[in-house]
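Residue numbers (our numbering), protein chains in the order written: chain A, 1 to 183; chain B, 1001 to 1183. C-beta: ideal position from N, C-alpha, C; glycine also.
There are 2 protein chains.
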Amino acid sequence: MRETALKPWTVLTSESVFQSPPWIQVSRQTVRLPDGRTIDDYHQITLADYVIVVAQTVDHRVVIERMYKHGPGRVGLMLPAGGINPGESPLQTAQRELLEETGYSADEWRCLGQFVCHANYGCGLAHIFLAHDARRVADPDSGDLEEMEILLLDPREIRTAIRNGEMPSLGVVAAALLTLDAS
Amino acid sequence: MRETALKPWTVLTSESVFQSPPWIQVSRQTVRLPDGRTIDDYHQITLADYVIVVAQTVDHRVVIERMYKHGPGRVGLMLPAGGINPGESPLQTAQRELLEETGYSADEWRCLGQFVCHANYGCGLAHIFLAHDARRVADPDSGDLEEMEILLLDPREIRTAIRNGEMPSLGVVAAALLTLDAS
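Put into structure tokens, the structure is as follows:
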């Protein structure tokens, strides 16, 4: 990291103003800026931290889920993903979600980083994982609300899907491109 | 788009359960899934739609902002970004935010897509823009809460920053990699 004189904000007070446990909490904070100003209604939105998994098969195709998601409100191409359960490490969540949602398993895993979903409000931290040599070992059994189809796409097909608007989620696009860029 | 039998959810009712105008609204929805099940507490979080700008100079460096952001709670490398004001097109917002935050202007603009911030809850739509041949035409004057430093990074430096955890925002990483992938 370079040297910098930039300073963080200081949280003076934080009050929970909405909650729907265990999914959502909204807090209203009073914060002090480095220049001395005080802001008395800056909100933070606490959602579950989650994982996004880019699982590559031995022939370098990626395990993709076609499904409806309610955030974008349409059917699109997604990646295996899900919230981190209490007591789970992010890697354990990634391995569990890949197996449950797709029936795939992999031995070689790498974390490509953690990134906050919304730069102002938070909205959860996404842990992005790359898994190599993924292979189908079981039938999917996610228990999720969404029905899905499993596809295997190569890097060219993924780039085309992003360009054509078939990948509606910012996190999925970030994870897919991080992996293509790392390969 | 490929043919698919996957169906969207149907929103049966939607009730506002928290709002902090004009920034945040949380709705509790009753939704019907394609298999007939009904879920009576699926939430949607409405935040402002926003733009993220990747502005490249004539020598292919990107205009980067080093600043504290309260979502990640730390100083990191960001891109020019901001909420779309009423009556503004996303392109107008992108051009305004680039100029206000960095003092840069550009003539050639391209939209690289729209992506929802959170796949389950929504949390706003990010419009990602690429601007070519950006040049400094004014002093920055953002009026934002955050102080910032303006940097120019080349593609190699951006990849290193992402790998080193210096870019804490999912949207910024998605936008930066979309651009590197498109160049």
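Spatial distance of residue i from residue j (CA atoms)
i                       : j                       : result
residue 1168 of chain B : residue 121 of chain A  : 13 Å
residue 1002 of chain B : residue 56 of chain A   : Confidence at residue 1002 of chain B is low in this model, with a pLDDT of 49, below 50, so its placement is unreliable and the value that follows should be read with caution. Spanning the two alpha carbons is a distance of roughly 22 Å.
residue 44 of chain A   : residue 119 of chain A  : 10 Å
residue 1037 of chain B : residue 149 of chain A  : 19 Å
residue 50 of chain A   : residue 83 of chain A   : 4 Å
residue 17 of chain A   : residue 25 of chain A   : 8 Å
residue 87 of chain A   : residue 1162 of chain B : 28 Å
residue 19 of chain A   : residue 1019 of chain B : 12 Å
residue 126 of chain A  : residue 115 of chain A  : 5 Å
residue 1079 of chain B : residue 1146 of chain B : 13 Å
residue 7 of chain A    : residue 35 of chain A   : 9 Å
residue 39 of chain A   : residue 31 of chain A   : 5 Å
residue 64 of chain A   : residue 128 of chain A  : 15 Å
residue 100 of chain A  : residue 47 of chain A   : 22 Å
residue 1093 of chain B : residue 1143 of chain B : 15 Å
residue 62 of chain A   : residue 1077 of chain B : 29 Å
residue 21 of chain A   : residue 1041 of chain B : 11 Å
residue 15 of chain A   : residue 1124 of chain B : 23 Å
residue 1165 of chain B : residue 1075 of chain B : 11 Å
residue 33 of chain A   : residue 1141 of chain B : 17 Å
residue 1085 of chain B : residue 23 of chain A   : 29 Å
residue 1104 of chain B : residue 110 of chain A  : 38 Å
residue 1151 of chain B : residue 68 of chain A   : 39 Å
residue 89 of chain A   : residue 81 of chain A   : 14 Å
residue 1156 of chain B : residue 172 of chain A  : 23 Å
residue 1160 of chain B : residue 160 of chain A  : 26 Å
Reference residue i; option with closest CA among the options
i                       : options                        : result
residue 138 of chain A  : A:5, A:102, A:29               : A:102
residue 134 of chain A  : A:79, A:60, A:84, A:164        : A:60
residue 108 of chain A  : A:54, A:114, A:172             : A:54
residue 1073 of chain B : A:142, A:35, A:117, A:158      : A:117
residue 136 of chain A  : A:95, A:160, A:23, A:7         : A:95
residue 98 of chain A   : A:22, A:132, A:177             : A:132
residue 52 of chain A   : A:176, A:151, A:158, A:89      : A:176
residue 66 of chain A   : A:180, A:158, A:179            : A:158
residue 130 of chain A  : A:165, A:179, A:155, A:156     : A:179
residue 1153 of chain B : B:1023, B:1033, B:1058, B:1027 : B:1058
residue 1071 of chain B : A:141, A:160, A:71, A:27       : A:27
Span of the beta strand (DSSP E), counted from its first residue to its last, around residue i
i                       : result
residue 113 of chain A  : 108 to 118
residue 184 of chain A  : Any question about residue 184 of chain A goes unanswered here, given that chain A covers just 1 to 183.
residue 1015 of chain B : 1010 to 1020
residue 50 of chain A   : 50 to 57
residue 141 of chain A  : Premise fails: residue 141 of chain A is in no beta strand (DSSP E) and is neither H nor E.
residue 133 of chain A  : 122 to 136
residue 37 of chain A   : No beta strand (DSSP E) holds residue 37 of chain A; DSSP gives it neither H nor E.
residue 1069 of chain B : 1062 to 1069
residue 1083 of chain B : 1081 to 1083
Inter-residue CB distance, residue i and residue j (contact presumed, cutoff 8 Å)
i                       : j                       : result
residue 10 of chain A   : residue 29 of chain A   : Not quite, the Cβ-Cβ distance comes to about 10 Å (not below 8 Å), so this is no contact.
residue 1174 of chain B : residue 106 of chain A  : About 24 Å; that fails the 8 Å criterion.
residue 1091 of chain B : residue 170 of chain A  : About 19 Å separates the two Cβ atoms, so there is no contact after all.
residue 1182 of chain B : residue 1112 of chain B : 7 Å
Partner residues on chain B for residue i, Cβ-Cβ distance less than 8 Å
i                      : result
residue 126 of chain A : 1170
residue 17 of chain A  : 1018, 1020
residue 39 of chain A  : 1145
Interface partners of residue i on chain A, CB under 8 Å
i                       : result
residue 1139 of chain B : Ordered by position in chain A, no residue passes the 8 Å Cβ test against residue 1139 of chain B, which lies about 18 Å from the chain.
Residue range of the alpha helix (DSSP H) that includes residue i
i                       : result
residue 1178 of chain B : 1170 to 1182
residue 74 of chain A   : Looking at the DSSP string, residue 74 of chain A is not in any alpha helix (DSSP H); the run it does join, the beta strand (DSSP E), is 74 to 78.
residue 94 of chain A   : 90 to 102
Interface partners of residue i on chain B, CB under 9 Å
i                      : result
residue 55 of chain A  : By Cβ distance, chain B contributes nothing, its closest Cβ being about 17 Å from residue 55 of chain A, past 9 Å.
residue 85 of chain A  : Result: empty, since nearest Cβ-Cβ is about 16 Å, beyond 9 Å.
residue 181 of chain A : 1159, 1162, 1177, 1180, 1181
residue 8 of chain A   : 1068, 1070, 1073, 1074, 1075
residue 153 of chain A : Residues of chain B passing the Cβ test: none, with the nearest at roughly 11 Å.
Interface residues of chain D facing residue i [CB-CB closer than 9 Å]
i                     : result
residue 36 of chain A : The chain inventory of the structure shown lacks chain D, comprising the protein chains A and B.
Under 7 Å from the C-beta of residue i: neighbouring residues of chain B
i                      : result
residue 115 of chain A : 1168, 1169, 1170, 1173
residue 165 of chain A : 1113
Cross-chain neighbours of residue i in chain A, by beta carbon under 7 Å
i                       : result
residue 1033 of chain B : 145
Where residue i meets chain A, residues with beta-carbon distance less than 9 Å
i                       : result
residue 1043 of chain B : 20, 23, 24
residue 1047 of chain B : 45, 118, 120, 121, 123
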